[in-house]
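K.L.:
Mind having a look at this structure? Questions to follow.
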Amino acid sequence: MKANAKISVYEMRGILGESSDGCGGVSPLNEKCNSAYTTYNPYKNGYSEAHINGQNIVGGYFHLTIFGYKSEEDAKKANIKVTYTPAYGGSVALELFGNGYQGIFQGMGKYLFDKKIYGVNDKRYGNNESLWWIKQKINNGIYKFEDLNNKYIKPTYLHLMNP
(Lines of atoms letter the chains of each structure in order from A; the text may use other names.)
(Lines give C-alpha, C1' and ligand atoms only; values in the text may rest on other atoms or scores of the structure.)
Protein backbone atom coordinates (compact mmCIF):
# COMPACT_ATOMS: atom_id res chain seq x y z
CA MET A 134 0.00 0.00 0.00
CA LYS A 135 1.25 3.48 -0.84
CA ALA A 136 1.95 5.86 2.02
CA ASN A 137 -0.59 8.34 0.65
CA ALA A 138 -3.35 5.75 0.08
CA LYS A 139 -6.68 6.60 1.67
CA ILE A 140 -8.52 4.05 3.78
CA SER A 141 -12.11 4.89 4.53
CA VAL A 142 -13.59 4.13 7.93
CA TYR A 143 -16.57 2.27 6.50
CA GLU A 144 -14.28 -0.15 4.63
CA MET A 145 -12.65 -1.11 7.91
CA ARG A 146 -15.79 -1.64 10.01
CA GLY A 147 -19.51 -1.21 10.15
CA ILE A 148 -20.83 2.01 11.64
CA LEU A 149 -24.10 2.17 13.56
CA GLY A 150 -26.44 4.80 12.21
CA GLU A 151 -30.12 5.46 11.76
CA SER A 152 -32.01 5.21 8.47
CA SER A 153 -35.05 7.09 7.30
CA ASP A 154 -36.66 7.93 3.97
CA GLY A 155 -37.52 11.35 5.38
CA CYS A 156 -33.86 12.11 6.10
CA GLY A 157 -32.61 10.92 2.74
CA GLY A 158 -30.90 7.73 3.90
CA VAL A 159 -28.59 6.65 6.71
CA SER A 160 -27.51 9.37 9.13
CA PRO A 161 -25.35 9.51 12.27
CA LEU A 162 -27.05 8.53 15.53
CA ASN A 163 -26.85 12.09 16.85
CA GLU A 164 -28.21 13.77 13.70
CA LYS A 165 -31.70 14.27 15.25
CA CYS A 166 -33.49 13.38 12.04
CA ASN A 167 -36.57 11.28 12.90
CA SER A 168 -34.49 10.04 15.80
CA ALA A 169 -36.00 8.26 18.77
CA TYR A 170 -33.27 9.64 20.98
CA THR A 171 -30.32 11.92 20.87
CA THR A 172 -26.96 11.54 22.50
CA TYR A 173 -24.18 14.07 22.22
CA ASN A 174 -21.29 12.44 20.35
CA PRO A 175 -22.33 8.79 20.85
CA TYR A 176 -19.40 7.41 18.85
CA LYS A 177 -16.30 6.01 20.54
CA ASN A 178 -13.14 4.20 19.41
CA GLY A 179 -13.12 5.47 15.85
CA TYR A 180 -16.83 4.85 15.21
CA SER A 181 -16.60 1.15 16.16
CA GLU A 182 -18.81 1.76 19.23
CA ALA A 183 -21.97 3.76 19.82
CA HIS A 184 -23.06 4.60 23.38
CA ILE A 185 -26.71 5.60 23.72
CA ASN A 186 -29.19 6.38 26.45
CA GLY A 187 -32.79 5.99 25.33
CA GLN A 188 -34.07 8.43 27.95
CA ASN A 189 -33.35 11.39 25.67
CA ILE A 190 -36.35 10.75 23.39
CA VAL A 191 -37.01 13.44 20.79
CA GLY A 192 -39.14 11.69 18.15
CA GLY A 193 -41.15 8.61 17.42
CA TYR A 194 -38.88 6.37 15.38
CA PHE A 195 -35.66 4.44 15.68
CA HIS A 196 -34.18 2.47 12.77
CA LEU A 197 -30.90 0.97 13.95
CA THR A 198 -28.69 0.56 10.87
CA ILE A 199 -25.33 -1.07 10.19
CA PHE A 200 -23.67 1.10 7.58
CA GLY A 201 -20.65 0.48 5.37
CA TYR A 202 -21.66 -1.85 2.54
CA LYS A 203 -19.92 -1.21 -0.78
CA SER A 204 -22.98 -2.12 -2.85
CA GLU A 205 -26.70 -2.71 -2.56
CA GLU A 206 -26.05 -6.36 -3.49
CA ASP A 207 -23.65 -6.77 -0.54
CA ALA A 208 -26.23 -5.20 1.78
CA LYS A 209 -28.92 -7.59 0.52
CA LYS A 210 -26.65 -10.55 1.33
CA ALA A 211 -26.12 -9.35 4.90
CA ASN A 212 -26.37 -12.01 7.59
CA ILE A 213 -26.14 -10.08 10.85
CA LYS A 214 -25.14 -12.01 13.95
CA VAL A 215 -25.91 -10.24 17.23
CA THR A 216 -24.09 -11.16 20.43
CA TYR A 217 -25.39 -9.73 23.72
CA THR A 218 -23.36 -9.22 26.87
CA PRO A 219 -25.36 -8.06 29.91
CA ALA A 220 -24.01 -4.77 31.28
CA TYR A 221 -25.14 -1.49 32.84
CA GLY A 222 -27.77 -3.32 34.94
CA GLY A 223 -29.38 -5.14 32.00
CA SER A 224 -30.15 -8.84 31.76
CA VAL A 225 -32.41 -9.42 28.72
CA ALA A 226 -31.19 -9.13 25.13
CA LEU A 227 -33.26 -7.44 22.47
CA GLU A 228 -33.97 -9.53 19.39
CA LEU A 229 -32.34 -7.48 16.64
CA PHE A 230 -31.80 -8.15 12.92
CA GLY A 231 -33.96 -11.26 12.70
CA ASN A 232 -34.93 -12.78 9.37
CA GLY A 233 -37.35 -10.71 7.32
CA TYR A 234 -36.79 -7.51 9.26
CA GLN A 235 -34.06 -5.90 7.19
CA GLY A 236 -34.27 -2.88 4.90
CA ILE A 237 -31.56 -1.37 2.67
CA PHE A 238 -30.71 2.36 2.65
CA GLN A 239 -28.03 4.54 1.05
CA GLY A 240 -26.04 7.03 3.08
CA MET A 241 -27.48 10.54 3.35
CA GLY A 242 -24.31 12.18 2.03
CA LYS A 243 -23.11 13.75 5.30
CA TYR A 244 -19.98 13.00 7.30
CA LEU A 245 -18.99 9.34 6.86
CA PHE A 246 -22.42 8.43 5.48
CA ASP A 247 -21.57 8.63 1.76
CA LYS A 248 -24.43 8.28 -0.75
CA LYS A 249 -22.49 5.56 -2.59
CA ILE A 250 -22.39 3.33 0.48
CA TYR A 251 -25.29 1.30 1.92
CA GLY A 252 -26.70 0.28 5.27
CA VAL A 253 -28.92 -2.53 6.55
CA ASN A 254 -31.55 -1.60 9.10
CA ASP A 255 -33.79 -3.47 11.50
CA LYS A 256 -37.31 -2.46 10.48
CA ARG A 257 -38.94 -4.25 13.39
CA TYR A 258 -38.45 -1.35 15.79
CA GLY A 259 -39.11 1.42 13.29
CA ASN A 260 -42.31 2.81 14.84
CA ASN A 261 -43.62 4.20 18.10
CA GLU A 262 -43.28 0.79 19.75
CA SER A 263 -39.53 1.28 19.47
CA LEU A 264 -39.64 3.94 22.14
CA TRP A 265 -40.38 1.34 24.79
CA TRP A 266 -37.46 -1.02 24.21
CA ILE A 267 -34.87 1.68 23.96
CA LYS A 268 -35.89 3.06 27.37
CA GLN A 269 -35.88 -0.18 29.35
CA LYS A 270 -32.98 -0.76 31.70
CA ILE A 271 -33.55 -4.52 31.50
CA ASN A 272 -32.29 -4.40 27.87
CA ASN A 273 -29.08 -2.54 28.79
CA GLY A 274 -25.90 -4.18 27.67
CA ILE A 275 -23.33 -4.43 24.94
CA TYR A 276 -24.59 -5.62 21.57
CA LYS A 277 -22.00 -6.82 19.08
CA PHE A 278 -23.06 -6.80 15.43
CA GLU A 279 -21.10 -8.74 12.84
CA ASP A 280 -21.94 -9.73 9.28
CA LEU A 281 -21.18 -13.38 8.59
CA ASN A 282 -21.42 -12.94 4.79
CA ASN A 283 -19.49 -9.70 4.22
CA LYS A 284 -16.18 -10.00 6.07
CA TYR A 285 -15.01 -6.48 5.16
CA ILE A 286 -17.72 -5.20 7.52
CA LYS A 287 -15.86 -5.47 10.82
CA PRO A 288 -17.85 -5.87 14.06
CA THR A 289 -19.48 -2.81 15.58
CA TYR A 290 -20.85 -2.39 19.09
CA LEU A 291 -23.88 -0.74 20.68
CA HIS A 292 -23.68 0.12 24.38
CA LEU A 293 -27.27 0.62 25.58
CA MET A 294 -27.05 2.42 28.93
CA ASN A 295 -30.42 3.46 30.35
CA PRO A 296 -30.51 4.76 33.93
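Just so we're aligned, residue 134 is where the sequence shown starts under this note's numbering, counting upward by one. All C-beta atoms in this analysis are idealised placements derived from N, C-alpha and C, irrespective of residue type, glycine included.
From I237 to E182, what distance separates their C-alpha atoms?
P.N.:
I237 and E182: Cα-Cα distance of roughly 21 Å.
K.L.:
Put D255 into one of helix, strand or coil per three-state DSSP.
P.N.:
Note: D255 maps to strand in three-state DSSP.
K.L.:
In whole angstroms, give me the CA-to-CA distance for K287 and K277.
P.N.:
Rounded to the nearest angstrom, the two C-alpha atoms are 10 Å apart.
K.L.:
Are F202 and L245 touching if we call contact CB-CB under 8 Å?
P.N.:
One detail in the question is off: residue 202 reads as Tyr in this sequence, not Phe. Not in contact: Y202 and L245 (Cβ atoms no closer than 8 Å).
K.L.:
Just to check my reading of the structure: N273 and L291 have Cβ atoms closer than 8 Å, yes? What is that Cβ distance to the nearest angstrom?
P.N.:
With a Cβ gap of about 11 Å, N273 and L291 do not count as contacting.
K.L.:
Leaving out five residues on either side along the sequence, give the residues of the same chain with a beta carbon under 6 Å from the beta carbon of E279.
P.N.:
If we look at E279 and ignore the five residues flanking it on each side, its Cβ neighbours are K214 and P288.
K.L.:
Within the 8 Å Cβ cut-off, does A220 reach chain C?
P.N.:
In the structure shown, chain C cannot be found, because there is only a single protein chain.
K.L.:
Excluding five sequence neighbours on each side, which residues of the same chain lie with their C-beta closer than 6 Å to the C-beta of F281?
P.N.:
The sequence given here places Leu at residue 281; Phe does not occur at that position. The residues are N212 and K214.
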